[in-house]
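The structure appears below as structure tokens.
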Amino acid sequence: IQDNVLNRNFKVAGPNQVWLADSTELSYGPKGQFKIRLSGVLDLCGRRLIASFLSTTETAAAEIQVFKQAFEQAGDVHPLIHTDRGAAYTAKAFNHFLTGHKVMRSMSRPGTPYDNAPMERWWNEFKAHWMERHPMPNTYEELVKLVNEGIHYFNYLDRSPERNGLTPVEYWNEAA
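Counting in the numbering used here, the sequence shown tops out at residue 316, every number present.
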């Protein structure tokens with residue numbers, strides 16, 4: 141268990157300074173009867189989702205996979221990594237993996253989702269403004285396609301006054 145180093149300081153000067161991580165549950169199937177976890181890593185700079193991974197369970201292995209993607213995409217960076225205190229993020233294997241990347245860790249206080257508010261907001265907007273506005277995917281393949289299209293939309297097309305009218309990727313590139 142780590143201290144809340146981030147302490148709700150959600151302002152950063154540039155990319156790869158602070159990454160937030162979390163996972164959320166999604167449904168698919170004719171009656172929404174199948175459940176899957178979507179893990180994500182969000183760069184606070186521009187609120188850009190830099191990596192995602194779908195898994196049937198919420199485990200350290202799934203979180204290691206999403207962070208492998210993030211580090212492959214970002215290169216040799218050493219961001220502050222902020223998560224909640226879920227079992228996947230407190231697991232020995234996950235923390236050993238992060239130690240190899242020489243990052244600093246931060247964790248939300250127990251029962252305090254506001255400590256990871258930008259990540260929670262990203263999931264909320266993704267679900268409310270993307271997933272719920274599209275028909276329920278019947279198959280896993282349809283779900284993967286819908287998730288990937290949604291991530292692309294929110295990273296490359298979603299403009300916000302909070303980013304001076306830029307998309308997350310445009311904002312991130314200007315700050316780099």
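A virtual CB, placed ideally from N, CA and C, is assigned to each residue, including glycine.
- Rounded to whole angstroms, the gap between the alpha carbons of Gly180 and Asn304 is 24 Å.
- Residue range 158-168 is occupied by the beta strand (DSSP E) that includes Thr164, with no alpha helix (DSSP H) assigned at that position.
- Excluding sequence positions up to five before and after Leu178, its CB lies within less than 7 Å of the CB of Ser163, Thr164, Leu166, Ser192, Leu194, Val287, all in the same chain and listed in chain order.
- Minimum Cα-Cα distance from Ala257 among the listed residues Leu283, His222, Val206 corresponds to His222.
- Under the criterion of beta carbons closer than 8 Å, Leu182 and Trp159 qualify as touching, at roughly 7 Å.
- Apart from sequence neighbours up to five positions away, the residues of its chain that approach Tyr293 with a beta-carbon distance below 8 Å are Trp270, ordered along the chain.
- DSSP places Arg299 outside both helix and strand once states are collapsed to three, so it counts as coil.
- Boundaries cannot be given for Ala231, as no alpha helix (DSSP H) includes it and DSSP labels it neither H nor E.
- Between Trp262 and Glu289, the alpha-carbon positions lie close to 15 Å from each other.
- Annotation for Tyr280: Tyr168 place their beta carbon closer than 7 Å to its own, counting only its chain and skipping 5 residues before and after.
- According to DSSP, residue pairing for Ser246 in a beta bridge involves His222.
- By the neighbour-count criterion, in which 16 or more other beta carbons inside 10 Å mark a residue as buried, Leu184 falls on the buried side.
- Exclusion of the five residues before and after Thr230 leaves Ile141 as the residues of its chain whose Cβ lies within less than 7 Å of its Cβ.
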